[in-house]
Structures are given as C-alpha cells and as structure tokens.
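Peer 1: Just passing along the structure, written as structure tokens.
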Amino acid sequence: MLREDLGGGLELSLAVPQQAEALYALVDRNRDHLRRWLPFVDATRSPDDARAFLEGQLRGLIEGRSLTAALFFRGELVGLASLNRIDPVNRTTAIGYWIDEAASGQGLVTRAVRRLIDLAFQHFPVDRVEIHCAPDNVPSCKIPERLGFTREAVLRRALRAHEFVDDRVVWGLLREEWPG
Ligand SMILES: CC(C)(COP(=O)(O)OP(=O)(O)OC[C@H]1O[C@@H](n2cnc3c(N)ncnc32)[C@H](O)[C@@H]1OP(=O)(O)O)[C@@H](O)C(=O)NCCC(=O)NCCS
Numbered sequence: 014m015l016r017e018d019l020g021g022g023l024e025l026s027l028a029v030p031q032q033a034e035a036l037y038a039l040v041d042r043n044r045d046h047l048r049r050w051l052p053f054v055d056a057t058r059s060p061d062d063a064r065a066f067l068e069g070q071l072r073g074l075i076e077g078r079s080l081t082a083a084l085f086f087r088g089e090l091v092g093l094a095s096l097n098r099i100d101p102v103n104r105t106t107a108i109g110y111w112i113d114e115a116a117s118g119q120g121l122v123t124r125a126v127r128r129l130i131d132l133a134f135q136h137f138p139v140d141r142v143e144i145h146c147a148p149d150n151v152p153s154c155k156i157p158e159r160l161g162f163t164r165e166a167v168l169r170r171a172l173r174a175h176e177f178v179d180d181r182v183v184w185g186l187l188r189e190e191w192p193g
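The letter at position 173 of the sequence shown is residue 186 when you use the working numbering, and the numbering goes up by one with no holes.
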C-alpha cells in the first residue's frame, strides 16, 4: 500500500515524512476538534514535530510495529489511520484514526479502517484487531460497532488526552469474524 484508490475521492497512502508540512497544517486547524480525545495535539507545535512523528511511524513500519496510512480526499490530506502496537507474540494490533472535522460524517474513516483491517489480516502477524475509544466519544465508538467488532471491556480511567481522563472501551474483532 504505497498509494491506493478506495473510490469516491478517497485514497490511502503510506504516511511519509514528506507529508510533514501538510500534516502540521491539518493538525493546526483542527486543534479544538482533536485535543479532547487525542494526546499529541498540544505537543505538535511545528512542522518539525509532525516530521519527527512521521519518521517514527516509518521506523515503526520497518521494524514491523505499526502501519500508518494518510487519508487523502479529493487530493488533500484529511487524516490518519494506523495499525498500532502490532504484537506478533499475542498476534494483536490496535487501530487508531482521526480526520479533519470538515471531512467527517461521510464514511471516510469507516472505509479507511475497513481497508486497514484487510491489510492487518492479510499481511501482518495478527489474528485479533482492537479499537479503543472513550465511551463519550460517540462518533469514534460507532466505527468499530459499524464494522462488526464486539464491545469486550471497559478499562476504568485508562485513556488520557491533555487534561481529560476517560475510561477506555475495548472493541475486538477476530480473524474468523471478518468477512473480508
Ligand atoms: C471519530 C472520527 C474519526 C469519526 O469520523 P467520522 O467522519 O464521523 O467517521 P466516518 O467517516 O466513519 O463517518 C461516519 C458517518 O458518516 C456517515 N456515512 C456516510 N456514508 C457512509 C459510508 N459509506 N460508510 C459509513 N458511514 C457513512 C455515517 O452515517 C456516519 O454518520 P453518523 O455519525 O451521523 O452516524 C472523527 O470524528 C474524529 O476525527 N474525531 C476526533 C478524533 C478522534 O476522536 N479520534 C478517535 C480517537 S479513539
């Protein structure tokens, strides 16, 4: 997956350091939208911070720990979705995602996550995919629900983003439950 057309104007591309300027601009105009749920926002203060993040994600791919995809909609970078913490011993990974507020509400993240699940089961040593979200993050929790995940557990006070502390809902999907 260097760059893949998912149709309807949505493309998935490997996230690379060359996207640092665009990624920083995207985070910068979505600070209010993102910072309630995601811990990296206040620490992202310049394109160099975005570049360091993207370089780390590339190292993660080389080392088999992660796969981060950039979401492009009609040619513009609009968000990220990733396989995180790929664990070949326990054969698990956890998917994370976020999108430009202006591009939300039209199924782009659901479609990107569906493709990432295909890639996880096809190309990575995993038999189980997790998605973690705060119970109050309704748009986020709807994504695993829509994709057929099981709501398995609630870990109390296990999610932090800036000054916010939330419970962590763990959604799980097993290889044999995935129609893809
Ligand atoms: C959580 C977040 C990624 C969800 O993004 P989103 O755009 O709402 O999610 P989707 O792209 O899947 O869109 C779903 C919506 O599109 C609609 N939709 C339209 N076409 C669709 C399609 N083909 N498939 C699925 N949904 C579709 C759905 O009905 C749904 O609308 P609803 O919320 O009114 O029910 C986004 O709100 C976000 O970035 N939030 C801030 C960061 C964050 O919380 N990240 C997750 C941390 S755990």
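Positions of the beta carbon are idealized from the N, C-alpha and C atoms, including for glycine.
1. Give the range of the alpha helix (DSSP H) segment to which S117 is assigned.
2. Please determine whether the Cβ atom of I12 lies at a distance below 7 Å from any heavy atom of ligand 1.
3. Per DSSP, which residues does T163 bridge with? Please list them.
4. Pull the bridge partners of D18 from the DSSP assignment, please.
5. When you compare the CB positions of R104 and R141, do they come within less than 8 Å of one another, or not?
6. Taking V126 and A133 to be in contact with their CB atoms under 8 Å, please state how far apart those CB atoms are, rounded to whole angstroms.
7. In chain order, what are the residue ranges of uninterrupted alpha helix (DSSP H) at least 4 long that sit wholly in the region 87–154?
8. Can you grab the Cα-Cα spacing for the pair F66 / I144, in whole Å?
Peer 2: Result, derived from the coordinates:
1. Premise fails: S117 is in no alpha helix (DSSP H) and is neither H nor E.
2. Absent from the structure is residue 12, since the part of the chain shown begins at 14 and ends at 193.
3. G185
4. E24
5. yes
6. Rounded, the Cβ-Cβ distance is 10 Å, inconsistent with contact.
7. 121–136
8. 21 Å
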